[in-house]
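> For the record, the sequence lines run as chains P and X. The numbering of the first sequence is numbering that gives the first Met the number 0, which starts it at 0 and goes up by one. The numbering of the second sequence is numbering that gives the first Met the number 0, which starts it at 0 and goes up by one.
There are 2 protein chains.
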Amino acid sequence: MVTIMNKVQANAKPAGLRMTRQRRLILEELDAPGRHPTADAVYQQVRRRIPNISLGTVYRNLEVLSQAGMIRKLHIGSGQKRYDRKLHKHYHVHCVQCGRISDLPGGPFGDLEEVARGNSDFDIIGYELEFEGLCRQCKDSSPRQREPN
Amino acid sequence: MVTIMNKVQANAKPAGLRMTRQRRLILEELDAPGRHPTADAVYQQVRRRIPNISLGTVYRNLEVLSQAGMIRKLHIGSGQKRYDRKLHKHYHVHCVQCGRISDLPGGPFGDLEEVARGNSDFDIIGYELEFEGLCRQCKDSSPRQREPN
DNA sequence: TTCATAATAGTAACCATTACTGTCTTGGCG
DNA sequence: CGCCAAGACAGTAATGGTTACTATTATGAA
Ligand SMILES: [Mn+2]
Ligand SMILES: [Mn+2]
Ligand SMILES: [Zn+2]
Ligand SMILES: [Zn+2]
Numbered sequence: 000m001v002t003i004m005n006k007v008q009a010n011a012k013p014a015g016l017r018m019t020r021q022r023r024l025i026l027e028e029l030d031a032p033g034r035h036p037t038a039d040a041v042y043q044q045v046r047r048r049i050p051n052i053s054l055g056t057v058y059r060n061l062e063v064l065s066q067a068g069m070i071r072k073l074h075i076g077s078g079q080k081r082y083d084r085k086l087h088k089h090y091h092v093h094c095v096q097c098g099r100i101s102d103l104p105g106g107p108f109g110d111l112e113e114v115a116r117g118n119s120d121f122d123i124i125g126y127e128l129e130f131e132g133l134c135r136q137c138k139d140s141s142p143r144q145r146e147p148n
Numbered sequence: 000m001v002t003i004m005n006k007v008q009a010n011a012k013p014a015g016l017r018m019t020r021q022r023r024l025i026l027e028e029l030d031a032p033g034r035h036p037t038a039d040a041v042y043q044q045v046r047r048r049i050p051n052i053s054l055g056t057v058y059r060n061l062e063v064l065s066q067a068g069m070i071r072k073l074h075i076g077s078g079q080k081r082y083d084r085k086l087h088k089h090y091h092v093h094c095v096q097c098g099r100i101s102d103l104p105g106g107p108f109g110d111l112e113e114v115a116r117g118n119s120d121f122d123i124i125g126y127e128l129e130f131e132g133l134c135r136q137c138k139d140s141s142p143r144q145r146e147p148n
């Protein structure tokens, strides 16, 4: 009866994934478009509805959901991992001032992989590309501190 | 927080840094071309000559040397940071099997930044690009475990 | 409704890195 | 050369992010 469960099974990855309240809220938190929250940010949000949810539960679910291909785990910069519900290939811009991460509109660039293939004896299977810069806010306001996503 | 960076730029030369035995060996460890060791790998190597060197000393020096612009700190993938003596802009290939990191021969690609600038309201100042794949060894041998750099 | 087992809360452990502290070195100056 | 301020050190504790463990609870297929 519940659509999300159907979605899970429609997405066809894992038998044996149960849809718990915790998991549903974590997923909903990522459903808002354009967000790339850290595990802790998800935790803080979900905590408002399930005050005693465990941080471990958040981590476990983020892992299990990305294993199942329902979300993507991002390793951007040197800090915490980020999670992204947008599954198709796209690039990110990372504000070096406040840590904000935004999608870069516009599809993937020309074939970087091809160039790499010609120059390496590695069997190239992909690449990671992310841009760095200053977001609009940080560009034209006095330096603030970290207020990610 | 006035330190080495300033001194170095003032003196136009990495003097102002004292040259200790520890620092020299750490630097020598990175001088071997094509290496991208982790802090721990450097530690293990230098330890053979200075058995009681502190891991903290290795970290402190790697930090101070990259602040001074004598080495570069790399954040590749989700694991430990890597250090690179090669200062000019170049790309890396990362073996997803064994973790090895190699330089990609051939200079920087065309203007990725320009494309990003057109698509974002961020003030783009640079980008990080790294390729993933299987190194020669992992490509044609049975799966091994992590034996980085 | 039952029941095997997936998932949870709570907590401990882990790993990479950084911070602290008292002692030892280094190197510029005489 | 030796002096000595402060840079660097070893040893160790602390931190931050993440994962592992465990006894208990909740899910959902039959
Ligand atoms: Mn995204
Ligand atoms: Mn390199
Ligand atoms: Zn910003
Ligand atoms: Zn390999």
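Cβ atoms here follow ideal geometry from the backbone N, Cα and C, with glycine treated the same way. Here the structure is a predicted model, which is why all the values come from computation and not from measurement.
When the distance is taken between beta carbons, is residue 93/P closer than 7 Å to residue 161/P?
Past the edges of chain P, shown from 0 to 148, lies residue 161/P, and the structure says nothing about it.
> Have a look at residue 25/P and residue 95/P and give me their C-alpha separation to the nearest angstrom.
Distance between the alpha carbons of residue 25/P and residue 95/P is about 27 Å.
> Pop quiz: residue 133/X and residue 121/P are said to be a contact at Cβ under 8 Å. What is the actual Cβ separation, rounded to whole angstroms?
6 Å
> Using a C-beta to C-beta distance shorter than 9 Å, which residues of chain P count as neighbours of residue 133/X?
121, 122, 123 and 124
> Mapping the DSSP letters down to three states, classify residue 148/X as helix, strand or coil.
Because residue 148/X carries a pLDDT of 36, less than 50, the predicted location of this residue cannot be relied on, and no value is offered for it.
> Measuring from the CB of residue 120/P, is there a heavy atom of ligand 2 at a distance below 6 Å?
no
> Report yes if the C-beta of residue 99/P is less than 6 Å from at least one heavy atom of ligand 3; otherwise report no.
yes
> Is the number of C-beta pairs between the segment 71-88 of chain X and the segment 35-42 of chain X that are closer than 8 Å three or more?
Touching, yes.
> Do we get a CB-CB distance below 7 Å when we pair residue 138/P with the residues of chain X?
yes
> Please name the residues in the segment 81-115 of chain X whose beta-carbon is closer than 8 Å to at least one beta-carbon of chain P, in chain order.
Within the segment 81-115 of chain X, the qualifying residues are 90, 92, 94, 95, 101, 103, 104, 105, 108, 111, 112, 114 and 115.
> Reducing DSSP to helix, strand and coil, say where residue 46/X ends up.
helix
> For the beta strand (DSSP E) that contains residue 81/P, what are its first and last residues?
81-83
> Residue 77/X versus chain P: which residues are under 9 Å apart at the beta carbon?
72, 74 and 80
> CB-CB under 6 Å to residue 107/X, same chain, minus the five flanking residues each way: which ones, in chain order?
88
> What ranges does the beta strand (DSSP E) occupy inside the segment 26-73 of chain X, keeping only unbroken runs of at least 3 residues that lie completely in it?
71-73
> Is residue 83/X close to ligand 2? I mean its beta-carbon at under 6 Å from any heavy atom of the ligand.
yes
> Beta carbons nearer than 7 Å to chain X: which residues of the segment 54-71 of chain P have them?
none
> Would you kindly work out how many angstroms separate the C-alpha atoms of residue 49/P and residue 21/P, rounded to a whole number?
8 Å
> Below 8 Å CB to CB, which residues in the same chain sit around residue 126/X once its five sequence neighbours on both sides are set aside?
Once the five neighbours on either side are set aside, the close Cβ partners of residue 126/X are 111, 112 and 115.
> For residue 15/P, tell me which candidate among 63/P, 123/P, 30/P and 97/P has the shortest Cα-Cα distance.
63/P
> Any residues in the segment 19-42 of chain P with a beta carbon nearer than 7 Å to a beta carbon of chain X? Which ones, in chain order?
Listed in sequence order: no entries.
> Using C-beta distances below 7 Å, list every residue in its chain close to residue 153/P, excluding the 5 sequence neighbours before and after it, in chain order.
Residue numbering for chain P in the displayed model covers 0 to 148; residue 153/P lies beyond these limits and cannot be assessed.
> Pop quiz: residue 74/X and residue 77/P are said to be a contact at Cβ under 8 Å. What is the actual Cβ separation, rounded to whole angstroms?
Sure, about 4 Å apart at Cβ, within 8 Å.
> Along chain P, in chain order, which residues have C-beta atoms closer than 8 Å to that of residue 118/X?
103, 104 and 105
> Residue 128/X versus chain P: which residues are under 9 Å apart at the beta carbon?
111, 126, 127, 128 and 129
> Can you look up residue 114/X in the DSSP assignment and give me helix, strand or coil?
helix
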